[in-house]
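Protein chains in written order, with our numbering: chain R, 13 to 821; chain F, 39 to 381.
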């Protein structure tokens, strides 16, 4: 809400700079958001008096003027102009040498066709205004002041071009602040004064009484708690005076004519929207406030046809609607120059209903914006009278005495009880009951002995906590002490799971993976992009009712798309490698969307996945940015080992649609499959435009959250003994099964088994491979000898199980 | 004998002075002190002497042996030193060549800032609570004293699912869940997490971002405590020189409500009238806070007559952007390695 500071100052004293005022009122709870200085771009423009006009010796269309700009006998300025509307004795705006005009125009002394011109005489346009703003200005030519002005006076001040418009951001519970007077009340309170509303004086010169002219019937009192109608006769439609037009313009409202301008002016001043109808267009002069009919058609003031529904409230006569209540009037009843009498409406409408109506119709007007915050139903009376006062002052017509006021259930001030001690306790301050009462009085809340009488414009105050806030903000939040002593201790810290998550993140970063973060929203198209089968349960996603677009219309059920998108981004930005991990929540509906059974839906499950994704354009760059299946597998092994997870195995799985059928493994802890790891399927890589082999692992986080504390194992006292063996086996036998077989026979003395070579080639029979292991044996109580190793048993077992033979000794 | 010894001693002295490397020295040592060396031979020949001659001769030969050993070891030390110096000279490398760097990963800047905040609050006795991102209307709105027709529930602000759930617009639902589970305070928790608002992606907005909220409920908790903890927080996270101010605000779930501003990080000492960040006020909003509304406590079966509490909440993404001079929020969600490895 924009308020010109000059308007505010006409009701309340502000003895400080605008910036200071903005700061002060913000600190009492009315946020002054920004400042728009008006007219300050104009500079060095003064009032001058034309003393002489002579023809320009060298130009027919120019004249040379002598302009006096001071009273103390200084030489008048010589200024050349092309204007034809001037005469000697005119007072005009003079832009001096060095002056700045609207639009950044800079004025310098110079010669025009050989004659010195020491400045410029200004039109209203050159000052940044139009004839709209200053109707007395000529259509074409220099602005001439209507009255003599002090010579040399600053034109910005004479024409009142300087102002500061302050933009306020209002809280949704403070509808009382959405007006100049509301802000004036807060301003006064900010500086310790109590604000008194200006009094309104009416002459009511017309004959008759309002009820002779109009009848009002409210059919829905819930949606329209109050309706006041007043009548003005002999209306003269004309432009409003400059001061009023300017206040409207600075507040962001376009002036139209005196009647419309007055309704807008009072809306800005009091926060009460008003509406004016041509009374001749109200059939039988009977206002009916009713719900719209289903599919009722209505043309609003802006010429648009609107289709209404039964939830909406309209102002109607016996035959037709004439306005959508609180939102916009109708084309059929708008006030034109021919109106014999005008009906002014000042009413109160239900805030929520107005908001929903304006939303449904897609039309948020100044009026609906005010109503939807909820306005005090006692406000329409004073606002309508203020409008009538302006009608009389501005000589727009004759006000008919009295009014029709339908107000079946008047709102009364509410009593709110509070305990000063509780308030001191809650705020951490120590005010006396009297001090609290004085602070509340600044806000028109009269309090005594723990009972506050809250004015009807403050429906937000309903309990002790609200009273506490009013006291706190009037006392000053900055005066509330700062306490940094904690009274009583609590055992803070992370729980085991949170620590484990930290651990996992740190380990992955040590392994060279950077942490990614992706959005939860996805497009339903990604299911096909990821080649998910039609019956894949992950296709059942949580759908967003009001998405930002189809691409963001479901909640992810798999972390894969986000990771692949990130790899793709990196690849397409020509990054040589990417190594990413993410801990991602996915959202799995707990009910099967399509079911028609009337069961109450339950919240989706939100399991978290650890996703790792990596590629390298130089896959062989071992140990650094290199990346292949075994790099990633090694990192996962390292991660799980560091987490203290034993019994990890990897089993080939050719059936993950997104991964390479020959290069994918299930990751298992014991019998439990915790995830998959593999090379990205070329089809999927193509779908994501990743032009190199990528590797992906997805692990269910819950399965690797460990709370184990490792137990110290005594350091070995006796040396180990190693046995290297090279075995020739059929190429299809997986090394894991050979290792398993060795372990079965090696006994407790075996402490480590490591594969150091796999060879296929000329030295080896076709369809066979050579695998070489180093077996490390150690006893805890003695130095082992080579003869103690269970060599024969192991070799025999391998021979029996796989037909494995020893290649060399 | 005496003559032979003298002769030998003289020849040792001469030879030693000419020896230029360790190999020649070793040859000489063998010649003199080896199994068949000249001095060894002399020692062996002592046996041929008479009993009377032997002690004196023995003394002389021993003296010669000590002399030879000393000479050799002195020259050996000298030559070794020279050789080491030579070797070191040859092993010169160009230390300005690049080191072989290992690859380490980087935590996301959001995690880094969040970790710092968590550490700070943990140090003050807070625990960390978590809750669902898809919430019921009750936990996201109703329990927070946001009435049924409140504008914040509009679809232009809040995402709804086809089953009528809400993508949480704040992590406050976690606070409610914690209070319901702990009807007997003290409660000191923070709730960090992803939240959702119906904003299109642009440089400063994202439809999902991150928040951290805090809640303290106990006996005698005051607004002075709230100010105390948040001022401390601002100084620890944003720097000791940060200026703060509390001003009245409105949230349905707190009363009194406040906003904490910090001094504008663009304007610094002299406020710029046209500053796009603070709009010339010198202050920018950091977080919202307040005393927990009695209705909220009541809804969780906590007696507002006996207990009071405060709550606060702020966006983390903006703080991250401010700290690292990140000008576009979308960078946080793109996962470009060139971006991530800067932190």
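Even glycine gets a Cβ: it sits at the ideal position worked out from N, Cα and C.
As the structure is a computational prediction, the values presented were derived from the model and not from experiment.
Beta-bridge partners of residue i, as assigned by DSSP
i, result
"residue 661(R)", "680(R)"
"residue 180(R)", "44(R)"
"residue 416(R)", "241(R)"
"residue 173(F)", "204(F)"
"residue 766(R)", "786(R)"
"residue 360(F)", "For residue 360(F), which the question treats as bridged, DSSP gives no partner whatsoever."
"residue 49(R)", "176(R)"
"residue 689(R)", "677(R), 709(R)"
"residue 249(F)", "231(F), 353(F)"
"residue 505(R)", "165(F)"
"residue 381(F)", "None; residue 381(F) has no bridge partner."
Test item: CB-CB of residue i and residue j under 9 Å
i, j, result
"residue 171(F)", "residue 601(R)", "no"
"residue 130(R)", "residue 91(R)", "yes"
"residue 797(R)", "residue 726(R)", "no"
"residue 159(R)", "residue 103(R)", "yes"
"residue 230(F)", "residue 370(F)", "no"
"residue 560(R)", "residue 245(F)", "yes"
"residue 660(R)", "residue 595(R)", "no"
"residue 580(R)", "residue 702(R)", "yes"
"residue 483(R)", "residue 448(R)", "yes"
"residue 39(R)", "residue 489(R)", "yes"
"residue 109(R)", "residue 123(R)", "no"
"residue 292(F)", "residue 252(F)", "no"
"residue 399(R)", "residue 247(R)", "no"
"residue 188(R)", "residue 283(R)", "yes"
"residue 752(R)", "residue 818(R)", "no"
"residue 730(R)", "residue 675(R)", "no"
"residue 415(R)", "residue 452(R)", "no"
"residue 354(F)", "residue 248(F)", "yes"
"residue 265(F)", "residue 494(R)", "yes"
"residue 358(R)", "residue 370(R)", "no"
"residue 14(R)", "residue 272(R)", "no"
"residue 344(R)", "residue 325(R)", "no"
Inter-residue CB distance, residue i and residue j (contact presumed, cutoff 8 Å)
i, j, result
"residue 163(R)", "residue 76(R)", "About 20 Å; that fails the 8 Å criterion."
"residue 319(R)", "residue 331(R)", "The pair is not a contact, with the Cβ atoms about 19 Å apart (cut-off 8 Å)."
"residue 333(R)", "residue 342(R)", "6 Å"
"residue 288(F)", "residue 184(R)", "7 Å"
"residue 62(R)", "residue 101(R)", "7 Å"
"residue 364(F)", "residue 151(F)", "Not a contact, Cβ separation roughly 11 Å."
When the options are compared against residue i, the one with the closest alpha-carbon
i, options, result
"residue 116(R)", "98(R), 138(R), 125(R)", "138(R)"
"residue 686(R)", "709(R), 700(R), 672(R)", "709(R)"
"residue 116(F)", "134(F), 100(F), 60(F), 155(F)", "60(F)"
"residue 185(F)", "48(R), 14(R), 364(R), 216(R)", "364(R)"
"residue 311(F)", "619(R), 48(R), 531(R), 478(R)", "48(R)"
"residue 432(R)", "440(R), 425(R), 426(R)", "440(R)"
"residue 669(R)", "369(R), 336(R), 691(R)", "691(R)"
"residue 352(F)", "257(F), 207(F), 68(F)", "207(F)"
"residue 94(F)", "69(F), 48(F), 43(F), 112(F)", "43(F)"
"residue 23(R)", "208(R), 552(R), 43(R), 285(R)", "208(R)"
* To do: Please determine if the region 221–235 of chain F and the region 629–649 of chain R are in contact, where contact requires at least 3 C-beta pairs separated by less than 8 Å.
  => no
* Within the chosen definition, does the region 253–273 of chain R reach the region 289–301 of chain R through at least 3 CB pairs nearer than 8 Å? -> Per the Cβ contact rule, the region 253–273 of chain R is not in contact with the region 289–301 of chain R (fewer than 3 Cβ pairs under 8 Å).
* At least three beta-carbon pairs within less than 8 Å, the region 292–306 of chain F to the region 267–276 of chain F -> yes
* At a cut of 8 Å, does the region 247–254 of chain R reach the region 222–231 of chain R through at least three beta carbon pairs? -> no
* **Touching by the beta-carbon criterion (3+ pairs, under 8 Å), the region 66–81 of chain R and the region 15–34 of chain R** => Touching, no.
* Contact the region 575–589 of chain R vs the region 206–217 of chain F: 3+ CB pairs below 8 Å -> No contact exists between the region 575–589 of chain R and the region 206–217 of chain F.
* **Inter-stretch contact at 8 Å, needing at least 3 Cβ pairs: the region 127–147 of chain F / the region 519–528 of chain R** => yes
* For the region 96–114 of chain F and the region 70–86 of chain F, state whether three or more C-beta atom pairs, one from each stretch, are separated by less than 8 Å. => Using a C-beta cut-off of 8 Å, the region 96–114 of chain F makes contact with the region 70–86 of chain F, since at least three inter-stretch Cβ pairs fall below that distance.
* Asked: Do three or more CB pairs link the region 173–188 of chain F to the region 347–360 of chain R at distances below 8 Å?
  -> no
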